[in-house]
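Asks:
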Amino acid sequence: MKITKYVLGTIFSCAVLIACGGKEEKKKEGFTYENTKNTSSSKDTNDVNEIVISGNDLMQFDKTEIRVKAGEKIKLTLRHKGKLDINVMGHNFVLLKKGVDLAGFAAKAAVAKDNQYIPKKTKDVIAYTSLIGAGQTTFVEFVAPVAGEYDYLCSFPGHYAMMKGKLIVE
Numbered sequence: 049m050k051i052t053k054y055v056l057g058t059i060f061s062c063a064v065l066i067a068c069g070g071k072e073e074k075k076k077e078g079f080t081y082e083n084t085k086n087t088s089s090s091k092d093t094n095d096v097n098e099i100v101i102s103g104n105d106l107m108q109f110d111k112t113e114i115r116v117k118a119g120e121k122i123k124l125t126l127r128h129k130g131k132l133d134i135n136v137m138g139h140n141f142v143l144l145k146k147g148v149d150l151a152g153f154a155a156k157a158a159v160a161k162d163n164q165y166i167p168k169k170t171k172d173v174i175a176y177t178s179l180i181g182a183g184q185t186t187f188v189e190f191v192a193p194v195a196g197e198y199d200y201l202c203s204f205p206g207h208y209a210m211m212k213g214k215l216i217v218e
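Sequence positions in the sequence shown follow this note's numbering and run 49 to 218.
(1) Here's the rule: buried if 16 or more other CB atoms are within 10 angstroms of the residue's CB, otherwise exposed. What is D133?
(2) To the nearest angstrom, how far is it from the Cα of A151 to the Cα of Q184?
(3) Using the three-state DSSP reduction, which class does N97 fall into: helix, strand or coil?
(4) Looking at the unbroken beta strand (DSSP E) that takes in V116, where does it start and where does it end?
(5) Curious, which full-length alpha helix (DSSP H) runs of at least 4 residues does the segment 133-188 contain?
(6) Using beta-carbon positions only, say whether V142 and I122 come within less than 8 Å of one another.
(7) Could you check what DSSP says for L106 in three-state terms: helix, strand or coil?
(8) Assess contact between the segment 111-122 and the segment 185-194, defined as three or more Cβ pairs (one per stretch) separated by less than 8 Å. Is contact present?
(9) Going by Cα to Cα distance, which pick from D149, D199, P205 is closest to Q164?
(10) So what's G119 in DSSP terms, helix, strand or just coil?
(11) Under a three-way DSSP split, which group does V194 fall into?
(12) How many whole angstroms separate the CB atoms of M137 and D105, which I take to be in contact at a CB cut-off of 8 Å?
(13) The beta strand (DSSP E) that contains G213, what's its start and end?
(14) What do you get for M182, buried or exposed, if any count of 16 or more other CB atoms within 10 angstroms of its CB means buried?
(15) When you compare only the Cα positions, how much space is there between L215 and K168?
(16) Taking Cβ to Cβ, would you say A154 is nearer than 8 Å to Y208?
(17) By how many angstroms is the C-alpha of A158 removed from the C-alpha of Y198?
(18) Compare the C-beta of I134 against all C-beta atoms of chain C and say whether one is closer than 8 Å.
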């Protein structure tokens, strides 16, 4: 008899816990998890090398090396796979010209909050995306520069140390 009570009590408790779970996550009004921001417009999508790179809440890009051909049209899509807000863990993709000092550029970018952490009137950048937050996606289109190695980074303050990589143009 006691065993039956314990078994029935356990089953009832499990049923209650399962029924109470599954709360839907409330989203901010007007927010979508696949909100695309267009940072460039191009009507010609033929012969475009489409590259997708993701950033997360651990300040990591999922790719630290990207290979392309010189003169090739590139559409680079950046996805923020994290859950943190743009003001806390914003990400962007910034492709620098050859020979640009990463730390020096990052120091200038850190004080350019009003321009999405891209220094105004800079001549150090080949291409960059908008700054995005959790669940958002953005892209930029550009033509791959001449053969060589180019650094890319996230210019949100403090991110460049971990969120960086090489674009290798062949």
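All C-beta atoms, glycine included, are put in the ideal place defined by N, C-alpha and C.
Replies: So, from the listed chains and residues:
(1) exposed
(2) 27 Å
(3) strand
(4) 113-116
(5) 134-137, 150-158
(6) no
(7) coil
(8) yes
(9) P205
(10) coil
(11) coil
(12) 5 Å
(13) 212-217
(14) Note on identity: in this sequence residue 182 is Ala, with Met being the wrong assignment. It is buried - the Cβ of A182 has at least 16 other Cβ atoms within 10 Å.
(15) 23 Å
(16) yes
(17) 20 Å
(18) The structure shown contains no chain C; it is built from a single protein chain.
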